[in-house]
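Take 1 as the starting number for the sequence shown in the UniProt record's numbering and just add one per residue. A virtual CB, placed ideally from N, CA and C, is assigned to each residue, including glycine. What you are looking at is a predicted structure, and each value in this text was computed from that prediction instead of being measured. The structure appears right after this line, and notes come after that.
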Amino acid sequence: MKASEADQRRLLELADVDTKRRRVQHVAKNLPEQHHLNALDEERTQHRAEVVRLLGQLEDSRSELSKIESDVATVEARLKRDEERLQGASSRKDIEALQREIEVLQRRRSILEDGELEVMQRVEEQTAAHQAALESQRGVEERATELTVLRDAARDNLKGEYRVLAEQRASVLATLPTDLVALYEKQRERYGVGAAELIGIITTGTNVALDRPELEKIRRAAPDDVVICPDSGAILVRTEKSSL
Numbered sequence: 001m002k003a004s005e006a007d008q009r010r011l012l013e014l015a016d017v018d019t020k021r022r023r024v025q026h027v028a029k030n031l032p033e034q035h036h037l038n039a040l041d042e043e044r045t046q047h048r049a050e051v052v053r054l055l056g057q058l059e060d061s062r063s064e065l066s067k068i069e070s071d072v073a074t075v076e077a078r079l080k081r082d083e084e085r086l087q088g089a090s091s092r093k094d095i096e097a098l099q100r101e102i103e104v105l106q107r108r109r110s111i112l113e114d115g116e117l118e119v120m121q122r123v124e125e126q127t128a129a130h131q132a133a134l135e136s137q138r139g140v141e142e143r144a145t146e147l148t149v150l151r152d153a154a155r156d157n158l159k160g161e162y163r164v165l166a167e168q169r170a171s172v173l174a175t176l177p178t179d180l181v182a183l184y185e186k187q188r189e190r191y192g193v194g195a196a197e198l199i200g201i202i203t204t205g206t207n208v209a210l211d212r213p214e215l216e217k218i219r220r221a222a223p224d225d226v227v228i229c230p231d232s233g234a235i236l237v238r239t240e241k242s243s244l
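As C-alpha cells, this is what we get:
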C-alpha cells in the first residue's frame, strides 16, 4: 500500500488520540472511588443485617414487656376486686378464701414486677444497641454516598475528556484516505496498536530495537510505502527521528 509521508505521520496523531482514549477507558473502569464502594458493599450488608437482627430482638423484648404489663394490670384488677369484696365479706369462710387469693395474687404480682424490671432493663440495653448499630450504619451509608458523588463526578469528567478525544479523532480521520484508515483499524484491532513511530532503531509499538535485517528492509522501502512493524504489527511511521 502507498500513502504520502504526511498521511502516515498523521497516523501518529491518530494513534496518540487512541492511546489517550484507552487510558480514559482504563481509568473509568478502575476508578478508586468504585473500588472503595465495592469494598464497602460487604460492610454495608453486614451493618444492615446487624440492624435488622437487633431490631428483631428489641421487638421481641417489647412484646414480652407488653404481655407482662398486661398480666400485671390483670392481677392488679383482680386484687382490687378481691380487696373490695373482702371489705364487704361477713362470713369467716369467705374472708379466709379471699385472703388466700389475695396472697396468691400479691405473690404473682411480685413475680411479674420482678420480670417486668428485668425485661425493661433488657429493652433499654437493646434499644441502645440498636441505636448504636443505626448510627454505624448511617456512617457507612454516608461514606458510600460521598464516594458515589465523587465517582459520578470523576465519570462525568472522563466522559467529557472522552468526547473531546472523539472529536479530535474524527477530525484526524477526515484528513486520511479510507484505505489507510482501514489498514490502521485492522492492525489496531488485531494487535492493539494501529501505528507506531520508528525512533532511532526502536519502534514505539513495543519499545524494542529492531534487528539489522528488518532495518535494512525498512531502509529500502520508498518513503510512501506503508511499512508494517515486524514486532508490534502496527503501521511503522518513519520520521526525521528514525535512524535510516
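When the alpha-carbon of P230 is set against those of A222, E216, P223, E240, the nearest one is in E216. The beta carbon of R48 is closer than 6 Å to none in its chain, skipping five residues each way along the sequence. Membership of I199 in the beta strand (DSSP E) is indicated by the continuous run 195-200. Residue state for T19 is assigned as helix, using DSSP reduced to three classes. Boundaries of the alpha helix (DSSP H) harbouring V164: 92-173, taken from the DSSP string. The three-state secondary structure of V226, taken from DSSP, is coil. Ranked by Cα distance from L37, the first of Q8, I201, T148, R212 is T148.
In this structure, V123 is the residue among V123, Y191, G160, R190 with its C-alpha nearest to the C-alpha of G56. The three-state secondary structure of T206, taken from DSSP, is coil. Taking 8 Å as the cut-off, the Cβ atoms of L11 and A166 do not count as close.
Taking L158 as the centre and dropping the five residues before and after it, the same chain places the C-beta of V24, V27, A28 closer than 8 Å to its C-beta, in chain order. Distances from the alpha-carbon of R81 to those of L105, L58, E64, E96 put L105 closest.
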